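Okay, structure first, notes after.
There are 2 protein chains.
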Amino acid sequence: MRTQRGFVIPIGGAEKKLRNATILRRFVELCGGAAARIAIVPTASKLDDTGEIHRRAFAAMGVGQIDILHIRDRADAMSAEVVAALGAASGIFMTGGDQLRLSTILGGTEAAEAIRRANARGVHVAGTSAGAAFISEHMICYGRGGPTPRMGMTTLAPGLGLTRLAIVDQHFRERDRIGRLMTALAFNPALIGLGVDEDTAAFIDGDDVLEVVGSGGVTVLDPSGVTQSSMAAARKGGAVGIFGLRLNVLVSGDRFDLHRRVPVLG
Amino acid sequence: MRTQRGFVIPIGGAEKKLRNATILRRFVELCGGAAARIAIVPTASKLDDTGEIHRRAFAAMGVGQIDILHIRDRADAMSAEVVAALGAASGIFMTGGDQLRLSTILGGTEAAEAIRRANARGVHVAGTSAGAAFISEHMICYGRGGPTPRMGMTTLAPGLGLTRLAIVDQHFRERDRIGRLMTALAFNPALIGLGVDEDTAAFIDGDDVLEVVGSGGVTVLDPSGVTQSSMAAARKGGAVGIFGLRLNVLVSGDRFDLHRRVPVLG
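Same order as they appear, the protein sequences are chains A and B.
For the first sequence, numbering that gives the first Met the number 0 gives the first residue as 0, with consecutive numbering after it.
For the second sequence, numbering that gives the first Met the number 0 gives the first residue as 0, with consecutive numbering after it.
Here it is, written out as structure tokens:
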């Protein structure tokens, strides 16, 4: 029943765009190749050329139609033109930048609702870096690096909500973010933590099975067996304990079932 | 279709328990009065008598069967006995204390799932103070008082998830929390903010229409018309701007439709 939903694709940032662009090529292929119509949402970025950089990459792969949606404020995110372009796309791509720009500019707007509806009816939605953080119901806003969870190490907020099963962190290995992802899980050990490395993506299908694509790893922190989190007793800046997290590191081609919470073997 | 779901009832804390106990009486009446079977979840509290205080109040109202579920750790929250008691209840009541105890002890456990399933099939779930904060998908963990939103003023985390439409704050007027509720909305102006005063409750029915019961007010902050949030540009501790919030203050008997985002007049 749920297979109708399009892929939800968090990318860890810094994905290759020309040679060895395995992630973007897989995305383009899913969206229809030459027949694809891809909408680029560069809202996370304050730079003027972010959309254009991605447009060139998609154009080089032969994508037929590419729309850069310049959504710079909430009025843009309510415009009929933007909503129509999102409604016509076979794939939607959110660039990097700052995820708080995405949540504050898109949150609760017609554009956000158009992306949610599109994904629900089968359109694939990818986000890289900040775009990846924003993709889930619970979003990591910002935080500090380091291996040990600490109270105050990260802040969560509502995201776009394409998946409620996982919290996504990105630039994972490169920025040493396992501590902040554990901190996020220590608040409430109900959701899976997905730590996505640079040039790496988790392609989550309509049945919520993810497949890793790219040159790095996806760290899957599964709290199903957690016996204790000390977050309620922690002090500001203090270390937070968490017992019994199950840690999986997946590489290219590996799959993980987010519902059953098991790697798919073989 | 959605009317099957039981009421979701955030209470602002310090609800009257004997005389003028309009909130608890309304809850007991909904749950079946003398025929009710109420499960009390005192997990938020570290005090031994919290469950007993509520048991006495419900017993004085003639409730037929009252179970205090002593869920003190995640192992308790996985026990068959607890899950069975939650499954047999016609009403579930979560006490005050610290909402991080609720999320860290119940989050992702069989007990949390049992409460969600019960509510989905028509069982009424109330929470007071910390119990009210935990009731929604996005939970305010802690924060500071004051009228002006500031970055870092509050921290959000996943809650129990009985409603995705609103973020709940409690002891609202008494602890001067409008600033922190606005801070929560400024991250992503997608959800409604419900600021619930002490001895006041929002009875949210299966169609997501809430009715206010009690001696105080429920402040409904509706971000539908927000034109700007400056959260992405704010610095740690700095003031955060937000334009165009619609503010409604509802008192006893007033109703508000959380889907259509309008007060129900007359």
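We put the beta carbon where it would ideally sit given N, CA and C, even for glycine.
The structure presented is a predicted model; accordingly, all values stated were derived computationally and were not measured.
Checklist entry - For Pro262 of chain B, which residues does DSSP report across the bridge? => result B:Phe255
Item to check | Rounded straight-line distance, which links the Cα of Arg24 of chain B to that of Ala58 of chain B | outcome: 11 Å
Checklist entry - Interface residues of chain A around Leu85 of chain B at Cβ under 8 Å? => result By Cβ distance, chain A contributes nothing, its closest Cβ being about 16 Å from Leu85 of chain B, past 8 Å.
Item to check | C-alpha gap between Asn118 of chain A and Asp253 of chain A, whole angstroms | outcome: 23 Å
Next on the checklist: Across the segment 143–159 of chain A and the segment 176–193 of chain A, are there enough close Cβ pairs to call them in contact, namely three or more that are closer than 8 Å?
Outcome noted: yes
Item to check | Cβ contact check for the segment 85–99 of chain B and the segment 120–129 of chain B: 3 or more pairs under 8 Å | outcome: yes
Checklist entry - In this structure, does DSSP put Ile52 of chain B in helix, strand or coil? => result helix
Item to check | Below-8 Å beta-carbon distance, Thr218 of chain A vs any chain B residue | outcome: no
Next on the checklist: DSSP three-state label for Val82 of chain A, please.
Outcome noted: helix
Next on the checklist: For a test of the three-state rule: what should DSSP assign to Gly5 of chain A, helix, strand or coil?
Outcome noted: coil
Checklist entry - Can you name, in chain order, every residue of its own chain whose Cβ lies under 8 Å from the Cβ of Glu111 of chain A, other than the five neighbours on each side? => result A small correction: the amino acid at residue 111 of chain A is Ala; Glu does not occupy that position in the sequence shown. Counting only Cβ-Cβ distances below 8 Å, and skipping sequence neighbours, we find Ala76, Leu105 and Leu159.
Checklist entry - For Ala131 of chain B versus Pro9 of chain B, is the C-beta spacing smaller than 8 Å? => result yes
Checklist entry - Which term fits Ala129 of chain B, buried or exposed, when burial requires 16 or more other beta carbons within 10 angstroms of its beta carbon? => result buried
Checklist entry - Can the beta-carbon of Val195 of chain A be found closer than 8 Å to that of Val212 of chain A? => result no
Checklist entry - What are the uninterrupted segments assigned as alpha helix (DSSP H) that are 4 or more residues long and contained completely in the segment 169–211 of chain B, given in chain order? => result Scanning the segment 169–211 of chain B from its first residue to its last, the whole alpha helix (DSSP H) runs of 4-plus residues come out as 177–186.
Checklist entry - Taking any Cβ of chain A, which residues in the segment 92–109 of chain B have a Cβ under 7 Å from it, in chain order? => result Asp97, Leu99, Arg100, Ser102, Thr103, Gly106 and Gly107
Checklist entry - Whole-angstrom Cβ separation of Leu161 of chain A and Ile134 of chain A, contact assumed at under 8 Å? => result Indeed they touch by this definition, with Cβ atoms about 5 Å apart.
Next on the checklist: Just to confirm before moving on: does the CB-CB distance between Phe6 of chain A and Asp204 of chain A stay below 8 Å?
Outcome noted: yes
Checklist entry - Of all the CB atoms in chain A, is at least one closer than 8 Å to the CB of Thr154 of chain B? => result yes
Checklist entry - If we call anything under 8 Å between Cβ atoms a contact, is Gly192 of chain B one with Asp168 of chain B? => result yes
Item to check | Residue burial classification, Asn187 of chain B (beta-carbon count within 10 angstroms, cutoff 16) | outcome: buried
Next on the checklist: Would Arg174 of chain A pass as an interface residue toward chain B - the criterion being a Cβ-Cβ separation below 8 Å?
Outcome noted: no
Item to check | CB contact below 8 Å: Gln227 of chain B versus chain A | outcome: yes
Checklist entry - Can you name the residues that DSSP bridges to Ile65 of chain B? => result B:Ile37
Item to check | Listed by chain order, chain A residues near Leu190 of chain B by CB distance under 7 Å | outcome: Pro157
Checklist entry - By the criterion of Cβ-Cβ separation under 7 Å, what are the contact partners of Ala113 of chain A in chain B? => result Per Cβ cutoff of 7 Å: no residues; Ala113 of chain A is ~14 Å from chain B at best.
Checklist entry - Looking only at its own chain, which residues have a Cβ that is under 8 Å from the Cβ of Ala34 of chain B, when we skip the five neighbours before and after it? => result Around Ala34 of chain B: Gly63 and Ser89.
Item to check | Contacting residues, own chain, Cβ-Cβ under 7 Å from Gln98 of chain B (five flanking each side not counted) | outcome: Ala43, Ala129, Ala132, Phe133, Met138 and Cys140
Next on the checklist: I'd like to know whether the C-beta of Arg73 of chain B is nearer than 8 Å to at least one C-beta of chain A.
Outcome noted: yes
Checklist entry - Smallest Cα separation from Gly32 of chain B: which of B:Ile65, B:Ala183, B:Gly12 and B:Arg71? => result B:Ile65
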